[in-house]
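887 is the number of the first residue of the sequence shown in our numbering; add one for each residue after it. Just so you know, even glycine gets a beta-carbon here, dropped at the ideal spot from N, CA and C.
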Amino acid sequence: MLKCRAVWRKLAPLARSASTQCRHNVKTALNNGRRQAFVPATHMSTGPAGGGGSENTLYVVLVGAACLGGGAYAYMTVRGDSKRYEERISELASRSAKEAPESQPPVAPEPEEAAPTSEESAPVAELSGETESASAEEPVTEVPAEPAAPVVEEELPAPSELEATHSEPPPAPLESAEEPVTETPPEAAEQAAPVLAEAEPVAEVPPEAVEEAPPVVEEAPPEPQAEVLEALPAVVESEAPTEPAVTSLPESAPAPEPVSAPLTLPSHAPYLLIGGGTASFAAARSIRARDPGAKVLIVTDEPNLPYMRPPLSKELWFSDDPSVTETLRFKQWNGKERSIYFQPSSFYVKPEELTSAENGGVAVLTGKKVIQMDVRGNKVKLDDDTEISYDKCLIGTGGVPRNLQVIEKAGDEVMNRTTLFRKIEDFKSLDNVSRNVKSITIIGGGFLGSELACALGRRSSETGLEVIQMFPEKGNMGKVLPEYLSNWTTEKVKKEGVRIVPEALVKSVAFKEDKLEILLKDGRQVKTDHIVAAVGLEPNVDLAKSAGLEVDSDFGGYRVNAELQARSNIWVAGDAACFYDIRLGRRRVEHHDHAVVSGRLAGENMTGANKPYWHQSMFWSDLGPDVGYEAIGIVDSSLPTVGVFAKATSKDTPKAATEQSGTGIRSESETEATAVTPVASSTPAPVMEHKDEYGKGVIFYLRDKVVVGIILWNVFNRMPIARKIIKDGEEHADLNEVAKLFNIHED
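Encoded structure:
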């Protein structure tokens, strides 16, 4: 067909020229009644002038043949299109007849079924110029799932009509011979598409029809309802709404599958808090207290909402609930139950709704890590390449547990049997391990190691678990407590069922015969099934390089000023902050109360408070429900100490302290209190004689005769007094009189 069309386009100019000359000559001959001699200038050939009768006859024959050929070509083209159209319609009708039940005789459709729906009639009306309107709601509910074959035969034009429409004789002028060739097939295709929509849902069109009418099938989704809605032109949408039709679908029709929108994170947060620990939560609460409409976004790489860490090594281990690892609820020493989470999920705003929240709120973006900071552009980049800008930013990334190099170099078998205790997942893992192994060795004699040793020691009496604690000091808590009190604490831990290995320096660790062999530098060897490394915390300063923040070379952590500010619009709080203490100098503290207080102050300063950090945070540790202590300031066993002790009663225990304060996290209640200035005495400090039993007392840590640290041993709810003593920074001639301020001699 294409070749014939190309030949015809080349011959058409010649045929037109010849026919024009032929008509001119014939007209002249008829007017004169005789044959005319032809002028040479009008010759279309190279023959001699004059005569030319044979040439005129040849021209007439050529023109006639061209006309007949063009007409035959157009006629055959139209007939071919009509024939293919009839074959397609017949195939559709036969397919519908096969799918209909054989026992059901062909019947005429009911009036409402025969009437085209708005979705079906709209394309036809648009093409043919009809202006009939129908309700978009009613036809959708009445569309039959599988129209029968007779319906197709009635609604489709008869083959004879189609033949008459597409087989009109070609016009006489040759100039119009191209029109049927180029315009007729598209018209037939456009008319075929709406008729097919009337006959049967688009989803039932066979593959052959899909190839013939791609505009209808390729853009339609699988569900018939979605096909009809997408096929509607813009004109129909203005005449009849389509949304009610979707809501009134019959029960038998399959509903369109809902498309879940991707999570849209806020691109900007007025207050951005990096890290989901205690410091960030305290800052968020402080910001909202000073700015009730504030929008705060917390970004944490943990999968959990902000929670308190102390119960992970304390109260949770003494719970009687077998599902405590799932519920993470525990009973405090006062018997009250609570969760380790600061607030339930209902307290927070969803991250994707934070921007539109009218009254602001606190949103937590879990499982995301900030990997880069642009302090000049006031934006951060997450590990999924998402960027979030901010007005004010707090870094509360905390720290990561340290590990011994000999363990890291020992290989995967040793590392797989070693726990670095810090998060909820670590608590769950160690709890599971303690129930399935025979021996656990804790390396470390600090707060965490001693607490875990006592907790697991209590469990050993029930399950037969062997618990070993080793540390390089002579006694438990040797770096914090005076030697006499460290020795007493060591004996207390032994009574809990823990095997103590003091002055232990680990030389190597190896996995042999399904056991971990720990070789010490003095030649001693310890075999165990699992190791818990509790050897300190390394501040997380991964963002220092990209943010251009200074890291302290002595204490570690981000260096901040007395207002906890690292740079303009950037604050640091918690374990990662190396702050300037206006009383004690440059410090870094790794305790819960410091995270609470520094986070609270940073939040206030982010809202414009401009307050210096003078508050002395405290920390506490409980060796079970009967022995506990609280400390503040610089407590270093290498400093001179003075201890004042008294006989303890049943009220002088952590359990009794929580019953009185009403909270298991004692610092939360004590940091809000204030204390009066203690009265100094002129009496010289007596020499304290230590006894074997230390029921309760106060230990003062001195530097240049000034108290820089205090430990309250089984003395609770007196921390504001200790804080006031350190803040004043005065020399005291008689610390025994100062100890009386804590009422340790009262029954």
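- Within its own chain, the residues whose Cβ lies closer than 7 Å to the Cβ of residue 1342, once the five positions on either side in sequence are excluded, are 1320, 1326, 1351 and 1353, listed in chain order.
- In this structure residue 1629 is exposed. Its beta-carbon is surrounded by fewer than 16 other beta-carbon atoms within 10 angstroms.
- Distance from residue 1478 to residue 1441 at the Cβ level is roughly 19 Å; contact not present, criterion being Cβ atoms closer than 8 Å.
- If you ignore the 5 residues before and after residue 1407, its C-beta comes within less than 8 Å of the C-beta of 1391, 1392 and 1393, all in its own chain and listed in chain order.
- Residue 1374: not part of any beta strand (DSSP E); member of the alpha helix (DSSP H) spanning 1369-1381, first to last residue.
- Here the alpha carbons of residue 1389 and residue 1490 stand approximately 45 Å from one another.
- Look at residue 1441 here: in three-state DSSP terms it is coil, with no helix or strand label.
- Within its own chain, the residues whose Cβ lies closer than 7 Å to the Cβ of residue 1346, once the five positions on either side in sequence are excluded, are 1352, 1353 and 1383, listed in chain order.
- Taking a contact as a CB-CB distance under 8 Å, the pair residue 1192 and residue 1250 counts as one, their CB atoms being some 7 Å apart.
- Residue 1522 and residue 1587 do touch by the CB rule: their CB atoms are close to 7 Å apart, below 8 Å.
- The Cβ atoms of residue 1275 and residue 1154 sit closer than 8 Å to each other.
- CA-to-CA, the gap between residue 1404 and residue 1485 works out to about 40 Å.
- Remark: C-beta atoms of residue 1612 and residue 1456 do not approach each other more closely than 8 Å.
- Beta bridge pairing from DSSP links residue 1195 with no other residue.
- In the DSSP assignment, residue 1313 falls outside any beta strand (DSSP E) and within the unbroken alpha helix (DSSP H) covering 1310-1320.
- Per DSSP, reduced to three states, the secondary structure at residue 1465 is strand.
- A direct Cα-to-Cα measurement between residue 1259 and residue 1465 gives close to 21 Å.
- As a beta-bridge residue in DSSP terms, residue 1595 pairs with 1519 and 1587.
- Under the three-state reduction of DSSP output, residue 1628 falls in the helix class.
- Here the C-alpha atom of residue 948 lies approximately 10 Å from the C-alpha atom of residue 955.
- The three-state secondary structure of residue 1363, taken from DSSP, is coil.
- 8 Å or more divides the Cβ of residue 1493 from the Cβ of residue 1419.
- Only residues of its own chain outside the window of five on either side were considered, and among them 1517, 1518, 1519, 1520, 1521, 1522, 1525, 1586, 1587 and 1612 have a CB closer than 8 Å to the CB of residue 1595, listed in chain order.
- Beta-bridge pairing by DSSP links residue 1287 to 1423.
- Within the stretch 1243-1297, the complete beta strand (DSSP E) segments at least 3 residues long are 1247-1251, 1256-1260, 1265-1268, 1273-1281 and 1285-1287, listed from N- to C-terminus.
- Distance from the CA atom of residue 1461 to the CA atom of residue 1409, rounded to whole angstroms, is 36 Å.
- Taking residue 1150 as reference, the option from 1398, 1253, 1241 and 944 with the minimal CA-CA separation is 1241.
- Closest in alpha carbon position to residue 1433, among 1289, 1453 and 1355, is 1453.
- Here residue 960 carries a helix assignment [DSSP, helix/strand/coil].
- Of the candidates 1181, 1252, 1214 and 1171, the residue whose Cα lies closest to the Cα of residue 1162 is 1252.
- The Cβ atoms of residue 1475 and residue 1168 do not sit closer than 8 Å to each other.
- C-alpha of residue 1608 to C-alpha of residue 1445: approximately 27 Å in a straight line.
- Within the model, the alpha-carbon separation for residue 966 versus residue 976 is close to 15 Å.
- Residue nearest to residue 1268 within the set 1186, 1182 and 1582 is 1186 (criterion: CA-CA distance).
- The continuous alpha helix (DSSP H) containing residue 1338 extends over residues 1333-1349.
- Burial is judged here by how many other beta carbons sit within 10 angstroms of a residue's own beta carbon; residue 1467 has at least 16 and is buried.
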